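A.B. asks:
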Amino acid sequence: MVLPLSKVQLCPPVVPVGNPMNLEGSPFFFSFSNLFIAVGCNIRALLTEIGPQVSGCDSTCVPCYNHTTIIFGQEIDSLCSGKHCCVARAPFRMQVFNPSLETKNESQDSSGCKLTFLAEQEWVAFSDTNNLQVFHDREYVPVVLAWVMDYKLWKYDPKTTSCKYFLLQHSLTVAY
């Protein structure tokens, strides 16, 4: 699915812009195959409104030689070197994408535009992460949405190899 780029972008002297993407009230959530990406120098990017979990990353202004990004045991060193870019995995079953972006260290250079967004991992892997302007210029990025059926409402029929939907309605009579 390709969605409008929901991002937080900060380009001095403009104030941060961005709207949260909210899937609450629907059966959908952002798939675990999406990555949370931050582009910019000397920034800390965090996902907010995800309950007790914390997810985010830090970028630097200096090259990180021999830098390897490991996300849940999976090595992803082709995405970001840590210089002007960092990645984190979106939390499991996240329904609200509301990132925050802040300067990590006031004593280091933090000029230039900063950007956070959510994107499908394979798309990011094939993007040119050496040219970070590509991310700033995009209006749309692919994300993967997932959903889960409530198995209590579906019954498998081995005769037809299909699923049938059934809804149990209960009535309750209260005597006074």
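Numbering-wise, UniProt numbering puts 163 at position 163 of the sequence shown, and it's gapless, one number per residue.
Don't be surprised by glycine CBs; every beta carbon is placed ideally from N, CA and C.
None of these values were measured; they are calculated from a predicted model.
1) Would you give the residue range spanned by the beta strand (DSSP E) that Arg93 belongs to?
2) Distance, Cα to Cα, Phe36 vs Gly25?
3) Using 10 angstroms around the beta-carbon of Lys114, count the other beta-carbons present and answer buried if the total reaches 16, otherwise exposed.
4) Locate the beta strand (DSSP E) running through Val39, then write down its first and last residues.
5) If you draw a straight line from the C-alpha of Phe32 to the C-alpha of Pro158, how long is it?
6) Just to check my reading of the structure: Thr116 and Pro142 have Cβ atoms closer than 8 Å, yes? What is that Cβ distance to the nearest angstrom?
7) Per DSSP, Ser55 is paired with what?
8) Taking the DSSP output, what are the residues bridged to Thr160?
9) Give a yes or no on whether the C-beta atoms belonging to Leu101 and Arg44 are separated by under 9 Å.
10) On the DSSP bridge list, what partners appear for Asn22?
11) Measuring alpha carbon to alpha carbon, tell me which of Asn105, Ala90 and Val148 ends up nearest Gln121.
12) Could you tell me which residues DSSP puts in a beta bridge with Trp147?
13) Measuring alpha carbon to alpha carbon, tell me which of Thr160, Arg93 and Asn105 ends up nearest Asn22.
14) Short of 6 Å in beta carbon distance, which residues of its chain neighbour Phe30, apart from the five on each side in sequence? Order them along the chain.
C.D. replies: Taking the geometry as given:
1) Where Arg93 is concerned, there is no enclosing beta strand (DSSP E), because DSSP gives it neither an H nor an E.
2) Taking the Cα positions, Phe36 is about 22 Å away from Gly25.
3) Under this definition Lys114 is a buried residue.
4) Looking at the DSSP string, the run of the beta strand (DSSP E) that includes Val39 is Asn34 to Val39.
5) Taking the straight line from one Cα to the other gives about 31 Å.
6) Between Pro142 and Thr116 the Cβ distance is about 16 Å, and since that is not below 8 Å, they are no contact.
7) According to the DSSP secondary-structure assignment, Ser55 is paired through a beta bridge with Leu47.
8) Among the bridge pairs identified by DSSP, Thr160 is matched with none.
9) Judged by beta-carbon spacing, Arg44 lies within the 9 Å limit of Leu101, meaning their Cβ atoms are closer than that value.
10) According to DSSP, Asn22 bridges with Val96.
11) From the listed residues Asn105, Ala90 and Val148, the smallest Cα separation to Gln121 is found for Ala90.
12) Note: Trp147 sits in a beta bridge opposite Phe28.
13) Proximity to Asn22 across Thr160, Arg93 and Asn105 peaks at Arg93, based on C-alpha coordinates.
14) Excluding positions up to five away in sequence, the list reads Ala90 and Met94.
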